[in-house]
Amino acid sequence: MSDLEEIYEIPDEPEELQSLPNQKTFIFPETIQSECWTERYKNVTVPSFILDSSLYIIWMNDACKSLFSELNDIKDQHLTSYFPNIKEIKRLKEIYNSIKNRDTGFSWKGRVISKNRKSTSDVANLLLIPLDLDDSENPASYSAVLDLVTDEYREMLRNMFSSLLEASKLKDNDTGNHIERVNRYSKFIAQILKEQGNHPEIDEDYLEDIGFLAAMHDVGKIGTPDDILNKTGSLEPWEREVMNEHTKNGAYILSTYPNPMAKQIALHHHEKWDGTGYPFGMANQMIPLCARIVALADVYDALRMKRSYKESFSHEKTKAIIKDLSGTHFDPELIKIFLNYNLSFDEIFTTLTDKENQ
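Taking my numbering, the leading residue of the sequence shown gets 1178, the next gets one more, and so forth.
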């Protein structure tokens, strides 16, 4: 018995369909309620659909069909086919218990996420309410309406975490241009990786996310004492240990961000390909790809910048240093991209250069 069958207690197939395993047949409820609902919602711009009592989709309006990135025949498609964030057994049980509970009006409302035709995520509030009742006065089908809140949701997240970023800039001497450049380098590298097609996890969402979250790599420095953070000379061993804690601090601060990429970047951007980095000495593919990307972007920009303890390095000198660190500090795959497109890095730095580097 599958997880869905166990949760929803899906009935056995009729005898005539037993020769077709894993196939379900749905009879659209020809009732006054369903006919009125489909007639009312078929041409509206609000994504709407109808589900059977086990949450298999049996009808969609055009707005809903145009929303999803991979829309096959709706027959046999469960609600979770379109909203993978509710696939967890615990979440499914929560939904099922609500829509089977008379005290809740056999309804459920919650946040769902789906991929649209542009391969980016849409965030929506989903409302399920009974449409037709069976002879026992229990729901035989449900109507569903999606309220898309993608833009508002992303703006809320970005505003909240941008405030943290601004606070960290008060503690650190790095400029706003530095973090914006790191964003752009990182997104550029990820874009090339996407085009090369060897990393299926890189989609449009990934590009958009790393183009914002790369800037959060040092947010943990909020917890680093000023006298250590802004010390002009070399750090003592104990001071270095305190400084290195900014990775763990950043991961803690960003742990509530819904995308794990934020925490991964903050925690792992000082790991090295050969396992000699910190905080955990992770190596090779153990280091999340997003952190490997940001590590390269951050070091390139740090070398190009003028600091209290160093002059700015030219692009050519920086390129030579980074090339020598392939396979030790950096992922060799990323270094190949850097070397092939190194002039794009220089262009980003030049376009967003700081006054002290001019």
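Glycine included, C-beta positions come from ideal geometry on N, C-alpha and C.
Asked	Found
Residues sharing a beta bridge with I1514, DSSP	In DSSP, I1514 forms no bridge with anything.
Cβ-based neighbour list, L1341, same chain, cut-off 7 Å, excluding 5 preceding and 5 following	V1396 and I1430
DSSP three-state assignment for I1306, whether helix, strand or coil	strand
Test: V1221 CB closer than 8 Å to a CB of chain C	Here chain C cannot be found, since the structure has a single protein chain.
Residue range of the unbroken beta strand (DSSP E) whose run includes L1325	P1316 to L1325
Same chain only: Cβ atoms within 6 Å of T1297, ignoring 5 sequence neighbours per side	E1381 and D1382
Helix, strand or coil at R1484 according to DSSP, with G and I counted as helix	strand
Best match in T1433, G1458 and K1487 for proximity to H1445 [C-alpha to C-alpha]	G1458
G1452 in three-state terms, based on DSSP	coil
contact_flag[the stretch 1356-1370, the stretch 1471-1487] where n(CB pairs < 8 Å) is 3 or more	yes
Backbone secondary structure at N1293 - three-state DSSP	strand
Backbone CA spacing between F1226 and D1403 [nearest angstrom]	56 Å
Proximity below 8 Å, CB of H1255 to CB of Y1273	no
For H1506, the nearest candidate out of M1333, E1212, H1376 and A1460 (CA to CA)	A1460
Local Cβ density within 10 Å of V1300, reported as buried at 16 or more and exposed below that	buried
Which residues DSSP lists as bridging W1214, in chain order	Note: W1214 sits in no beta bridge, so no partner.
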